[in-house]
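Chemist: So the protein lines, in turn, are chains A and B.
Note that the first sequence covers residues 82 to 313 in the working numbering.
Note that the second sequence covers residues 82 to 313 in the working numbering.
Following this message is one structure expressed as structure tokens.
Protein chains: 2
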Amino acid sequence: MDETTPKVLAFDVFGTVVDWHGSIAAEIADRFPDVDAAEFARAWRAGYQPAMASVAQSGEWVRLDDLHLQILRNVLSDFQLSVDEAEAAELNLVWHRLRPWPDSVEAIARLRTRFTVVPLSNGNISLLSDMAKNAGIGWDAVLSAEIVRRYKPDPATYRSVGEIFGVPDSEVMMVAAHHDDLDGAAAAGLRTAYIERPNEYGEDRPKDVSGRAEHPLHFADIAALARHLLAH
Amino acid sequence: MDETTPKVLAFDVFGTVVDWHGSIAAEIADRFPDVDAAEFARAWRAGYQPAMASVAQSGEWVRLDDLHLQILRNVLSDFQLSVDEAEAAELNLVWHRLRPWPDSVEAIARLRTRFTVVPLSNGNISLLSDMAKNAGIGWDAVLSAEIVRRYKPDPATYRSVGEIFGVPDSEVMMVAAHHDDLDGAAAAGLRTAYIERPNEYGEDRPKDVSGRAEHPLHFADIAALARHLLAH
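Structure, rendered in structure tokens:
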């Protein structure tokens, strides 16, 4: 397989394109000066995998905005913060306002000159479209787990990209800062590219961004991916 | 209902945002100088409503690209043109390359400063995203009948907009150059705005763009809609 000729690039978003930790920590620090904002952000995100698993098990679709709100209520309670329903709903939209990593917007724009470039996120469509508008990210379309009502790593989610664009799965490249996302994509027949985002969980909590043999395309950031793909 | 405060604008695309007739006639004239290109374009489009109706009746989803190809084969035969499979497939993509009306791109960009603006077309997602890229149209997301696998005027298609964006149907405005599309939207609880496109079927075949009482918001073009909505 020639890794230089995918037709469609499908991007994971949280952590890969946008800095969820820094964005949420900044907003929490503004609103609640007395809490450990970095820990609050990590606690909120920590509820994500269990929520996904629970939706997958139940077979009942719940969009990510609603899961985020459920998790938020628990985290607020754990941090002994009391906010009313309207404020919780407004705070929950911080996920629609996440800031991009410094290289993301420009590198995605460059990639769009050669490829069809879309998000493939568990975030719902309105979350992803608000985020794109706030951050100035241009996508060719907004794909989401919401379209197939199956969260990654369900193979149906990964395969929706090729189905929608009428290309074989082998011409779709999943781009993510998480090896498990890439594992799911590879199992569904997609190509993969890993993006290092060592500070995804905060500068005080650097994560292991070592390469793995099963995902040999490995880049420091999206700008480096763009240089690689556009050089051929 | 205050017509000045929708949250989401959902645009019909073929005829409303892009000039399907002029775009297709130009490409047909280039490829087949001996046929009546304007008639060819109208014949291709004339197959659309029967194809929609047949999909609705069968309950079996077929995306618009595939319907367009089936219709194209019949039209080529009617015009006694013989083209191979590869050329037919390539010609079928003319729908991905339709040119916008002169006011569309800029007016949609202006509307996006205040509203969430999306297409709501029977065109499939890849058709709409290729079209947006070719034409330079910026959308906040690409909605399509393909997401709900129901063609307009099925109420589920119109209602998908409010569901996806988490707003009541009454805060969604359908914008179209076709009264029957607006009828379907209104029946599903959406607001409506009519756009005149008198030359949708060609300058030699001007269509009736008279107002109808049930759709009192009536504009010469999308630029006029933008002036109206942004003035309040």
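Built from N, CA and C at the ideal position, the CB exists for glycine as well.
In this text the structure is predicted, and so the values were computed from the model without any measurement.
Quick one: residues in its chain with C-beta nearer than 8 angstroms to the C-beta of Met82/B, no 5 flanking neighbours on either side, listed in chain order?
Modeler: The residue labelled residue 82/B in the question sits at position 1 within the second sequence. Because Met82/B sits at a pLDDT of 45, beneath the cut-off of 50, its placement in the model cannot be relied upon, and the following sentence gives the value as read from the coordinates. So the qualifying residues of the chain are Ser251, Arg272.
Chemist: Tell me the DSSP secondary structure of Tyr275/A in three-state form.
Modeler: For the purposes of this step, residue 275/A is identified with residue 194 of the first sequence, where counting begins at 1. If DSSP states are grouped into helix, strand and coil, Tyr275/A belongs with the strands.
Chemist: Smallest Cα separation from Pro131/A: which of Val98/A, His149/A, Phe121/A?
Modeler: As a first step, residue 131/A must be located in the first sequence, where it is residue number 50. Of the listed residues, the one whose Cα sits closest to Pro131/A is His149/A.
Chemist: Please state the DSSP three-state secondary structure of Met82/B.
Modeler: Along the second sequence, read from residue 1 onward, the residue named residue 82/B stands at position 1. Confidence at Met82/B is low in this model, with a pLDDT of 45, below 50, so its placement is unreliable and no value can be given for it.
Chemist: Put Leu150/A into one of helix, strand or coil per three-state DSSP.
Modeler: Working through the first sequence from its first residue, we reach residue 150/A at position 69. Note: Leu150/A maps to helix in three-state DSSP.
Chemist: Thinking Ile218/B and Ile303/B are a contact (beta carbons under 8 angstroms), I'd like their distance in whole angstroms, please.
Modeler: Walking along the second sequence from the start, residue 218/B turns up at place 137. Walking along the second sequence from the start, residue 303/B turns up at place 222. Actually they are not in contact, since the Cβ atoms of Ile218/B and Ile303/B sit about 11 angstroms apart, beyond 8 angstroms.
Chemist: When the cut-off is 8 angstroms and only beta carbons count, does Phe92/A lie next to chain B?
Modeler: In the first sequence, residue 92/A corresponds to position 11, counting from 1. It does not; no Cβ of chain B falls within 8 angstroms.
Chemist: Check whether the region 259-268 of chain B touches the region 90-97 of chain B, taking contact to mean three or more Cβ pairs, one atom from each stretch, closer than 8 angstroms.
Modeler: Contact holds: three or more Cβ-Cβ distances are below 8 angstroms.
Chemist: Do you know whose CA, among Ala124/A, Trp182/A, Gly247/A, lies nearest Leu157/A's CA?
Modeler: Within the first sequence, numbered from 1, the residue matching residue 157/A stands at position 76. Nearest C-alpha to Leu157/A: Ala124/A.
Chemist: Just to make sure I have the definition right: I need the residues of chain A whose C-beta is within less than 9 angstroms of the C-beta of Thr197/B. Which are they?
Modeler: Residue mapping note: residue 197/B aligns to position 116 of the second sequence, counting from 1. Per Cβ cutoff of 9 angstroms: Ser207, Ser210, Asp211, Lys214.
Chemist: What's the C-alpha gap between Lys288/A and Ile228/B?
Modeler: On the first sequence, position 207 is the one that residue 288/A refers to. On the second sequence, position 147 is the one that residue 228/B refers to. Each residue's alpha carbon lies about 36 angstroms from the other.
Chemist: For Arg231/B, count neighbouring C-beta atoms within 10 Å of its own C-beta (all shown protein chains included) and say buried if the count is 16 or more, exposed if not.
Modeler: Locating residue 231/B in the second sequence gives position 150, where the first residue counts as 1. Arg231/B is buried by the Cβ-count criterion.
Chemist: Would you please verify whether the beta carbon of Ile245/A is less than 8 angstroms from any beta carbon of chain B?
Modeler: Residue mapping note: residue 245/A aligns to position 164 of the first sequence, counting from 1. True, the Cβ-Cβ gap to chain B drops below 8 angstroms.
Chemist: Exposed or buried, Arg144/A, counting other C-beta atoms within 10 Å across all chains shown (16 or more means buried)?
Modeler: Reading the first sequence from its first residue, position 63 is the one you call residue 144/A. Buried, because 16 or more other Cβ atoms sit within 10 Å of the Cβ of Arg144/A.
Chemist: What distance in whole Å lies between the Cβ atoms of Phe300/A and Leu201/A, which are believed to be in contact at a cut-off of 8 angstroms?
Modeler: Taking the first sequence and counting its residues from 1, the one referred to as residue 201/A is at position 120. Taking the first sequence and counting its residues from 1, the one referred to as residue 300/A is at position 219. Leu201/A to Phe300/A, Cβ: 18 angstroms. No contact.
Chemist: Express the C-alpha separation of Phe113/A and Phe160/A in angstroms, rounding to a whole number.
Modeler: Indexing the first sequence from 1 puts residue 160/A at position 79. Indexing the first sequence from 1 puts residue 113/A at position 32. Straight-line Cα distance between these residues: approximately 10 angstroms.
Chemist: Can you list, in chain order, the residues of its chain with a C-beta nearer than 8 angstroms to that of Leu162/B? Leave out the 5 residues immediately preceding and following it.
Modeler: Within the second sequence, numbered from 1, the residue matching residue 162/B stands at position 81. Around Leu162/B: Phe113, Val116.
Chemist: Roughly how many whole angstroms lie between the Cα atoms of Glu354/A and Ala122/A?
Modeler: Nothing can be reported for residue 354/A, as the shown portion of chain A is limited to 82 through 313.
Chemist: Please name the residues in the region 220-234 of chain B whose beta-carbon is closer than 7 angstroms to at least one beta-carbon of chain A, in chain order.
Modeler: Taking 7 angstroms as the Cβ-Cβ cut-off against chain A, the residues of the region 220-234 of chain B that qualify are Asp221, Ala222, Val223, Ile228.
Chemist: Please list, in chain order, all residues of the same chain as Val89/A whose beta carbon is under 8 angstroms from its beta carbon, the five residues on each side excluded.
Modeler: As a working note, residue 89/A is residue 8 in the first sequence. Excluding sequence neighbours, Val89/A sits near Phe196, Thr197, Val198, Val199, Val242, Gly243, Phe246, Val248, Glu252, Val253, Met254.
Chemist: Hey, quick one: how far does the beta strand (DSSP E) through Ser251/A stretch, first residue to last?
Modeler: Here residue 251/A corresponds to residue number 170 of the first sequence, with the count starting at 1. Looking at the DSSP string, Ser251/A is not in any beta strand (DSSP E), and its letter there is neither H nor E.
Chemist: Roughly how many angstroms separate the alpha carbons of Pro181/A and Gly128/A, rounded to a whole number?
Modeler: Your numbering for residue 181/A matches position 100 in the first sequence. Your numbering for residue 128/A matches position 47 in the first sequence. Approximately 22 angstroms, taken between the alpha carbons.
Chemist: Can you name, in chain order, every residue of its own chain whose Cβ lies under 7 angstroms from the Cβ of Ser210/A, other than the five neighbours on each side?
Modeler: On the first sequence, residue 210/A is found 129 positions in, with the first residue counted as 1. Hits under 7 angstroms: Val223.
Chemist: Since Leu298/A and Ala274/A are thought to touch, with beta carbons under 8 angstroms apart, how far apart are those beta carbons, to the nearest angstrom?
Modeler: Here the question's residue 298/A lines up with position 217 in the first sequence. Here the question's residue 274/A lines up with position 193 in the first sequence. Confirmed, Cβ separation roughly 4 angstroms.
Chemist: For Leu311/B, which residues does DSSP report across the bridge?
Modeler: In the second sequence, counting from the first residue as 1, residue 311/B sits at position 230. Bridge partners of Leu311/B: none, in fact.
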